[in-house]
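J.: Attaching a single structure in structure tokens format; questions to follow.
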Amino acid sequence: MSYKKKSTRTIKHGRKREKWTDILPRYLTFITHMRPILRETRRIIINLDPDLLLDTEILDKIRQEEEKRNIRKVRALSEFSAMYRSNIYEIIKDFIIKYRDEIPIIDIKDYIIDFLHESVDALNVLRHITNPDELNLENTYLYQLVKFIEERIMSRGSNLKIIYEKLLENSPNLYECQRHILQSHTYYREKLESPDNFEIPVISPKVYQIINNITSLYNLDPNFGEFPEKENYEIPMILKNDVFLPYIDSIANAEEEAIEKMAERIGLRLIDGIFLAPQEDFVEILLDNNYLRENKQTDGTIRLLPQFSNETLITYYLAFASQRRGFLSKELVNWISMNFAFLIYMGILKWKLSDENIFYAIFKDLQTNEKILPYLMKLICFPNYLGVDKMKIRDSIQYRKEIFNFIGSQIDNLKEFINEIAVFCKKFESRKKK
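Counting with our numbering, you get residues 1 to 434 for the letters of the sequence shown.
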């Protein structure tokens with residue numbers, strides 16, 4: 001009798017790795033429903049006698065008739081379309097009521113038509129942000145915008161020094177954005193059975209305090225010891241215990257290895273198990289940028305005196321994460337990809353919508369963001385773009401809401417960067433037309 005031996009291996013089935021052709025249609029789903037609603041609303045307003053706009057009940061009747069015409073949709077799309085159309089008409093009504101005593105109704109009508117036209121244009125760009133077949137990527141908005149943002153806040157390079165220099169070149173204008181990209185405001189933590197020490201986590205509030213403490217200790221009263229790789233040189237050192245003892249209860253893993261991993265991410269190393277000192281490669285970067293200066297001692301030894309700031313160490317952390325982007329933690333992948341998606345989305349809106357556009361709010365609404373940004377996040381993760389692990393993107397609705405809520409509270413530096421992205425979009429469009 002023949003029989004097949006039963007395998008003793010246990011296979012853990014994970015999530016299916018989504019392809020480009022899986023994600024792009026999902027990204028387009030709601031955009032392709034938003035655009036016709038805006039176009040149809042524009043057509044209705046154009047054909048409507050201006051004086052009829054003064055009677056807001058007419059707009060309610062038109063909206064109700066439009067909703068009756070759109071019944072063949074799946075429930076999620078039907079509910080979103082109804083919400084979206086309702087918001088558009090409410091915004092139009094509020095605008096009319098607010099300005100009907102100040103502006104002639106015919107001018108109000110023209111404003112509404114212009115705002116709708118801008119909004120349709122913005123959706124056109126979002127709809128054609130990339131190519132379904134991924135061909136000719138260099139000529140797509142998604143590719144160009146990811147590379148434009150990446151170069152400034154998460155640069156690529158053949159080594160850490162090149163990446164650090166690129167980041168430092170942009171830090172006078174964008175340091176707040178560079179720091180922001182490492183500091184998730186959600187502080188979500190994955191519950192792992194065996195935490196992977198090789199993953200690069202976000203800079204939590206506690207880690208930021210530790211970096212601040214390290215900076216202060218180096219600048220105020222460092223020790224000095226032999227530079228292991230360079231004879232007749234002394235490098236600054238600080239006591240490991242001075243840094244970590246106040247926080248040891250707050251660190252998830254109090255083992256020596258965890259401290260070493262954290263030190264590595266900010267360009268430091270442990271010497272004799274006691275001192276924290278700059279790594280050899282980091283010393284070269286610090287000297288090139290005047291964060292260390294040479295001071296000759298009476299015995300002929302050259303002592304390297306530190307002139308650090310938090311930016312010195314955080315920029316190294318960012319360069320380290322940029323170089324090893326395949327090892328980013330789940331939390332950091334979600335936060336970085338969300339920030340990139342948000343910057344691209346808001347940059348396109350800033351380019352296409354005037355500041356006075358009454359429909360700006362509907363694009364920034366949480367319900368709209370939830371339908372577009374999660375899939376844009378995943379598209380950004382692909383190898384031709386950011387090249388981070390899209391399998392780490394969380395699909396939890398609650399987590400999305402949490403991360404969206406924080407991402408909407410912009411820092412000034414982010415607003416300035418969005419303006420810069422909008423200018424780039426305009427220039428890129430001009431190049432495409434030539």
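The beta-carbon is built from N, C-alpha and C at its ideal position, and this holds for glycine as well.
What three-state label does DSSP hand Ile238 in the structure shown?
T.: If DSSP states are grouped into helix, strand and coil, Ile238 belongs with the strands.
J.: Are the CB atoms of Glu176 and Ile411 nearer to each other than 7 Å?
T.: The answer is yes: Cβ separation under 7 Å.
J.: If Tyr375 sits next to Arg26, beta carbons under 8 Å apart, how far is it from one beta carbon to the other, in whole angstroms?
T.: Their Cβ separation, rounded to whole angstroms, is 5 Å, which keeps Tyr375 and Arg26 in contact under 8 Å.
J.: Look up Val388 in the DSSP assignment and say whether it is helix, strand or coil.
T.: Residue state, collapsed to three classes: coil.
J.: Taking DSSP as the reference, what is the three-state secondary structure of Phe224?
T.: Strand.
J.: So the candidates are Thr312, Lys68, Trp351; which of them puts its Cα closest to the Cα of Glu420?
T.: Checked all of Thr312, Lys68, Trp351; the closest Cα to Glu420 is Trp351.
J.: Would you say Ile511 and Phe95 are within 7 Å of each other, going by their C-beta atoms?
T.: For residue 511 there is no data in the structure shown, the boundaries of the chain being 1 and 434.
J.: Helix, strand or coil for Val423? Go by DSSP, reduced to three states.
T.: Note: Val423 maps to helix in three-state DSSP.
J.: Just the C-alpha distance for Leu167 and Ile235, rounded to the nearest angstrom, thanks.
T.: Near 25 Å, if we compare the C-alpha coordinates of Ile235 and Leu167.
J.: Measure from the alpha carbon of Ile397 to the alpha carbon of each residue in Ile418, Glu370, Ser354, then state which is nearest.
T.: Minimum Cα distance to Ile397 is reached at Glu370.
J.: Cα separation between Ile314 and Ile393?
T.: Whole-angstrom Cα-Cα distance: 24 Å.
J.: Helix or strand or just coil, what does DSSP make of Pro36?
T.: The answer is helix: DSSP assigns Pro36 an H, G or I state.
J.: Whose CA, out of Met377, Leu414, Gln307, Ile149, lies closest to the CA of Glu18?
T.: Nearest of Met377, Leu414, Gln307, Ile149 to Glu18, Cα basis: Met377.
J.: Please state whether DSSP places Ile103 in a helix, a strand or coil.
T.: DSSP places Ile103 in coil when its eight states are reduced to three.
J.: So, with DSSP's three-state summary, where would you put Tyr233?
T.: Tyr233 falls in the strand class under three-state DSSP.
J.: Return helix, strand or coil for Asn212, following the three-state DSSP convention.
T.: In the structure shown, Asn212 sits in a helix (DSSP, three-state: H, G or I).
J.: Excluding sequence positions up to five away, which residues of its chain have a Cβ less than 8 Å from the Cβ of Leu328?
T.: Closer than 8 Å at the Cβ level, and outside the excluded window around Leu328, lie Glu199, Ile200, Ala321, Ile336, Val388, Asp389, Lys392.
J.: Under the rule that 16 or more other beta-carbon atoms within 10 Å means buried, what is Pro278, buried or exposed?
T.: Answer is buried; the Cβ neighbour count reaches 16.
J.: Using C-beta distances below 7 Å, list every residue in its chain close to Ile285, excluding the 5 sequence neighbours before and after it, in chain order.
T.: Result list for Ile285: Lys161, Tyr164, in chain order.
J.: Provide the residue(s) that pair with Phe275 in DSSP beta bridges, ordered along the chain.
T.: Answer by DSSP bridge pairing, in chain order: Leu239, Ile271.
J.: Using a 10 Å radius around the Cβ and a threshold of 16 neighbouring Cβ atoms, would you call Asn173 buried or exposed?
T.: Asn173 comes out exposed.
J.: Identify whether Leu313 lies in helix, strand or coil by the three-state DSSP scheme.
T.: In the structure shown, Leu313 sits in a helix (DSSP, three-state: H, G or I).
J.: Going residue by residue through the segment 49-128, where are the continuous beta strand (DSSP E) segments of at least 3 residues, counting only ones entirely within it?
T.: Fully enclosed beta strand (DSSP E) runs of 3 or longer: not present.
J.: What is the DSSP secondary structure of Ile393, reduced to helix, strand or coil?
T.: Three-state DSSP puts Ile393 in coil, outside helix and strand.
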